[in-house]
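Presented below is the structure to which this report refers.
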Ligand code: ATP
Ligand code: MG
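Residue numbers (full-length UniProt numbering): 1 to 412.
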């Protein structure tokens with residue numbers, strides 16, 4: 001199987017963009033400044049990773065591809081579209097992007113799963129082609145070549161897939177079994193996760209391009225996070241350097257600023273829910289506990305114990321500042337290797353530490369990083385450092401400037 005780097009190289013070799021990039025930079029959040037060569041690569045990756053639901057059928061001949069401009073302004077799905085101008089022949093190498101070997105997991109799972117009740121089936125009759133005012137094209141499992149398994153989730157498996165039609169987009173297909181969703185009474189949670197994630201657009205938030213369903217399963221078409229889970233990296237390295245931690249926290253804070261501006265609270269931030277894109281950029285995934293909460297304060301206790309803020313431990317109402325607390329825990333965990341209130345004696349001991357705000361720093365943690373963590377881990381939600389201030393914090397600014405100065409970008 002080709003390594004991610006060779007996949008990246010193969011993708012970079014596909015000259016499907018008609019316009020050379022001359023800007024030299026792309027949307028950055030400090031550490032993410034990129035060379036023009038890298039930007040070109042990202043553009044190409046985005047083209048491949050992003051199924052364009054609006055490609056008119058007549059433009060899909062093997063001799064034409066859409067230009068960047070054509071893709072960025074989707075034509076109305078109802079209006080007949082002018083024929084897309086052939087810009088460059090599609091390269092035969094497109095097919096050679098190795099998506100790995102399919103292990104037959106869908107068929108194996110299918111044999112083991114039962115059917116859902118008609119009511120649950122109605123709740124889970126999800127199809128992005130029929131929802132809302134902006135219908136996308138209809139997808140089904142037959143539209144994809146299925147490759148290697150990427151992981152296993154609560155309700156099913158995730159695979160690396162490629163669209164059979166040109167230009168052979170690469171994405172991750174997450175399968176959720178309706179029976180298991182309805183057995184755990186999570187129909188509403190799954191619906192909410194999809195509704196929220198499909199409307200989000202930020203370089204550090206995992207894109208959901210669409211979804212479809214069959215009798216037994218719901219499929220989510222997700223951006224392919226080529227470098228996998230941050231959690232695995234953290235386990236491998238024990239802890240991250242200041243440079244790497246600050247880069248991730250910088251990207252996290254930018255993404256959270258965006259989510260909160262859309263009134264979305266994530267509520268389950270932790271390394272397990274953060275993936276890495278092909279260029280090592282952080283991608284917030286897993287919106288299973290997120291809510292769209294324009295005004296009201298909420299009471300549901302959710303998320304993961306080590307990341308729970310004191311107001312949730314006390315079962316008091318909470319708001320978007322729960323994500324600020326979690327950002328403080330995450331900063332600590334990246335730099336130290338474990339969360340600050342972890343207590344192996346059990347749940348009650350951890351909860352007591354959270355309520356008392358009792359934690360300490362190992363000596364290697366710098367004064368600047370301690371200051372940011374301290375300002376985020378405030379018992380009083382209103383006293384937590386607001387995100388615009390987080391972005392200006394000296395620890396983030398210092399490492400951002402160093403990365404920009406050295407041109408290190410996403411290197412660790
Ligand atoms: P859990 O509750 O265990 O987190 P889940 O239902 O939320 O399960 P995910 O975390 O979304 O499932 O997916 C399971 C695993 O599949 C992830 O940990 C990750 O390794 C892999 N994975 C999921 N989505 C992607 C993606 N878009 N790109 C690459 N790998 C992915
Ligand atoms: Mg998950």
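Cβ atoms here follow ideal geometry from the backbone N, Cα and C, with glycine treated the same way. Quick caveat: nothing in here was measured; it's all calculated off a predicted structure.
Residue(s) in a DSSP beta bridge with residue i
i           : result
residue 227 : DSSP, once it has assigned bridges, lists no residue as partnering residue 227.
residue 218 : 176 and 213
residue 144 : 163
residue 283 : 275
residue 260 : In the DSSP output, where bridge partners are listed per residue, residue 260 has none listed.
residue 97  : Residue 97 is not bridged to any residue.
residue 151 : 158
residue 170 : 162
residue 208 : 222
residue 202 : 205
CA-to-CA distance, residue j to residue i, given in whole angstroms
i           : j           : result
residue 145 : residue 166 : 12 Å
residue 258 : residue 244 : 21 Å
residue 347 : residue 204 : 32 Å
residue 357 : residue 342 : 12 Å
residue 362 : residue 169 : 45 Å
residue 360 : residue 142 : 54 Å
residue 183 : residue 308 : 26 Å
residue 178 : residue 246 : 39 Å
residue 319 : residue 102 : 42 Å
residue 306 : residue 164 : 43 Å
residue 281 : residue 201 : 15 Å
residue 381 : residue 329 : 14 Å
residue 206 : residue 221 : 11 Å
residue 153 : residue 160 : 14 Å
residue 185 : residue 351 : 27 Å
residue 394 : residue 400 : 10 Å
residue 369 : residue 242 : 8 Å
residue 417 : residue 371 : Within the shown structure, residues of the chain are numbered from 1 to 412, placing residue 417 beyond reach of any answer.
residue 97  : residue 384 : 46 Å
residue 195 : residue 234 : 30 Å
Whether residue i touches residue j by CB criterion (7 Å)
i           : j           : result
residue 192 : residue 99  : no
residue 224 : residue 275 : no
residue 310 : residue 379 : yes
residue 226 : residue 278 : yes
residue 462 : residue 212 : Because residue 462 is not part of the residues shown, which for the chain are 1 to 412, the question remains open.
residue 189 : residue 287 : no
residue 156 : residue 173 : no
residue 250 : residue 396 : yes
residue 313 : residue 373 : no
residue 376 : residue 327 : yes
residue 149 : residue 105 : yes
residue 253 : residue 390 : yes
residue 365 : residue 344 : no
residue 284 : residue 255 : yes
residue 238 : residue 147 : no
Cutoff 7 Å: residue i Cβ touching any chain D Cβ
i           : result
residue 154 : Of the protein chains in this structure there is only one, and it is not chain D.
- Minimum length 3: unbroken beta strand (DSSP E) runs contained in the region 358–396: none
- Query: Is the region 313–328 touching the region 260–271, taking contact as three or more C-beta pairs under 8 Å?
  - Reply: yes
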